[in-house]
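> Here the sequence shown is numbered in the working numbering, starting from 75 and rising by one per residue.
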Amino acid sequence: FAELGDRQGFVTVAPSGALADIDWARARLVSPVGYAAASRAARRRSAIAADRFVDLVAAYERLKQRRGVIDFDDLLARLVNALHTDEQWADAMRWRYRHFFVDEAQDLNPLQHAMLEALRGGRGDLCLVGDPRQAIYGWNGAEPQLLVDVEQTYPGVTIVRLGANYRCTPQVVRAGAAVLAAAGQADDTRSERPEGAAVVVRRSADATVGCALVGAVASRYTGVARLSVSAAGVEVWRQPIAHHAGWRAGG
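Shown next, in the form of structure tokens:
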């Protein structure tokens with residue numbers, strides 16, 4: 075992003091951080107001008123000063139144009155635009171794609187939801203599967219409120235609630251419910267598993283120490299001799315997991 079400069083001087087920003095900010099804004103349907111206010115409202119830690127975001131986007135667009143490329147967000151945005159502006163083509167697409175099933179719907183972002191709605195064209199052949207309590211992609215622009223408000227968004231929708239948890243012990247389910255309660259979310263999930271060990275809370279001084287704790291626990295439960303997890307979330311397997319005879323997929 076060497077193009078990002080003006081009379082105020084150049085801005086240095088890591089490409090990964092810059093792209094993360096741009097992707098978040100595009101996913102949230104936030105304009106470059108509106109980014110500063112939106113990022114403050116979301117308490118987002120930007121890789122670049124919010125008042126320079128307009129310059130960053132302009133530089134990024136020039137770079138794509140010079141290279142003759144578009145990115146994934148461009149594909150989605152152009153599809154939405156085409157569905158709204160080319161009626162004949164939109165009718166053909168809606169005839170071809172008549173039934174929609176969306177898994178992990180709590181992780182839809184507004185741009186993806188706009189694409190779904192444009193393609194759906196007001197028809198009722200839609201099934202959403204998800205749980206707002208499991209939303210983990212807010213950093214990438216996801217909006218679980220879209221699923222929370224499903225009855226308002228799709229009046230007359232049939233909701234099937236699954237309150238049984240077959241994966242976790244009662245201790246884990248209760249711990250999760252406590253965390254959700256602290257965030258103002260109610261949870262009435264019940265565990266169908268036998269009682270298990272008590273949940274242990276481990277605190278660490280920083281991310282590096284925390285990752286070391288995660289690696290130690292994962293090594294103990296998987297049987298892998300040495301497993302390190304970096305602060306960036308990258309897992310490095312020091313011994314092939316297949317060497318552990320007791321490990322199996324999903325175990």
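We put the beta carbon where it would ideally sit given N, CA and C, even for glycine.
Considering only the alpha carbon of each residue, which of Trp163, Val131, Trp213, Val275 lies closest to Arg102?
For Arg102, the nearest C-alpha among the options comes from Trp213.
> Which runs of the beta strand (DSSP E) fall wholly inside the stretch 184-224 and span at least 3 residues, in chain order?
If we require 3 residues or more, the beta strand (DSSP E) runs fully inside the stretch 184-224 come out as 200-202.
> In terms of DSSP beta bridges, what is Ala331 paired with?
The structure shown does not extend to residue 331, since the chain spans only 75 to 325, so no value can be given for it.
> Decide if the stretch 191-206 is in contact with the stretch 167-183; the criterion is three or more beta carbon pairs, one per stretch, under 8 Å apart.
The answer is yes - the stretch 167-183 touches the stretch 191-206, with three or more Cβ pairs under 8 Å.
> Note the first and the last residue of the continuous beta strand (DSSP E) segment covering Val253.
It is not in any beta strand (DSSP E) - Val253 instead sits in the alpha helix (DSSP H) that spans 244-256.
> Our contact map puts Gln180 next to Ala209 with C-beta atoms below 8 Å; I'd like the distance itself, whole angstroms only.
So it is a contact: roughly 4 Å between Cβ atoms.
> Less than 8 Å between C-beta atoms, sequence neighbours within five positions excluded: which residues of the same chain meet that for His295?
Position check: residue 295 holds Tyr in this sequence, whereas His was assumed. So the list is empty, once near-sequence residues are dropped.
> With the cut-off set at 9 Å, would you say Thr232 and Glu269 are in Cβ contact?
No, the Cβ-Cβ distance between Thr232 and Glu269 is not below 9 Å.
> In the DSSP assignment, find the unbroken alpha helix (DSSP H) run with Val283 in it and report its ends.
Taken as a continuous stretch (DSSP letters only), the alpha helix (DSSP H) holding Val283 covers 281-296.
> Does the separation of the CB atoms of Pro110 and Ala92 fall below 9 Å?
Strictly speaking, residue 110 in this sequence is Ala, with Pro absent from that position. Contact flag unset, no.
> Go ahead and pull the three-state DSSP assignment for Val275.
Three-state result, Val275: coil.
> Let me confirm a value: Tyr134 is counted as buried when at least 16 other C-beta atoms fall within 10 Å, else exposed. Which label applies?
Buried, since its Cβ has 16 or more Cβ neighbours within 10 Å.
> Quick check: the stretch 282-292 against the stretch 248-267, are at least 3 beta-carbon pairs closer than 8 Å?
Contact between the stretch 248-267 and the stretch 282-292 is absent, because fewer than three Cβ pairs lie under 8 Å.
> Taking the C-alpha atoms as reference points, what is the distance between Val275 and Val222?
One C-alpha to the other measures close to 29 Å.
> Rank Val273, Thr159, Thr227 by C-alpha distance to the C-alpha of Arg248 and give the top, closest one.
Closest option to Arg248, Cα to Cα, is Val273.
> At which residues does the beta strand (DSSP E) containing Val176 begin and terminate?
Run containing Val176: 174-176, per the beta strand (DSSP E) assignment.
> Candidates Arg235, Ala252, Ala257, Pro218: which alpha carbon is nearest Glu178's?
Closest by alpha carbon: Pro218.
> Which term fits Leu185, buried or exposed, when burial requires 16 or more other beta carbons within 10 angstroms of its beta carbon?
Buried.
> Tyr211 and Asn239 - do their beta-carbons sit closer together than 9 Å?
No, the pair does not count as a contact, with Cβ atoms beyond the cut-off.
> To the nearest angstrom, how far is it from the Cα of Ser278 to the Cα of Leu254?
If you take the alpha carbons of Ser278 and Leu254, they lie about 22 Å apart.
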